[in-house]
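**Q**
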């Protein structure tokens, strides 16, 4: 799945849809959790050189997903992205204060 996600991410029109689909699978199909998380992280890596603000904002929606695993996967997928041009990210601020140390730690890496 990670190979397919990375290849499909080369098609710019699919970026946001792929991210949304992976987040949906993470939240709704526990048996596919690992594959969907790996796919989302691969998409983040593939998007890194030319991610649009729209793609980044769709990924940021994963930070507020009701499923904690989706937060973690979205945070991992966001690590390679350049978000310095985005002024204020309320999603990052919110998850900075997460009780899950793993999520808060990844978020702090993005914040600074």
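In our numbering, the protein residues as written are 172 to 283. Virtual Cβ for every residue (Gly too), placed ideally from N, Cα, C.
Less than 8 Å between the CB atoms is what I'm expecting for residue 233 and residue 217, so what's the real figure, rounded?
**A** At roughly 16 Å, the Cβ-Cβ gap does not stay under 8 Å, so residue 233 and residue 217 are not in contact.
**Q** Return the chain-ordered list of same chain residues with a C-beta closer than 8 Å to the C-beta of residue 219, the five sequence neighbours on each side being excluded.
**A** For residue 219, where only same-chain residues beyond five positions count, the Cβ hits under 8 Å are 251, 252 and 253.
**Q** Between the region 191-203 and the region 220-227, can you find at least three pairs of beta-carbon atoms closer than 8 Å?
**A** Touching, no, given that fewer than three Cβ pairs across the two stretches are closer than 8 Å.
**Q** Tell me where the alpha helix (DSSP H) around residue 191 begins and ends.
**A** Element bounds for residue 191: 186-199.
**Q** According to DSSP, is residue 226 helix, strand or coil?
**A** Residue 226 falls in the helix class under three-state DSSP.
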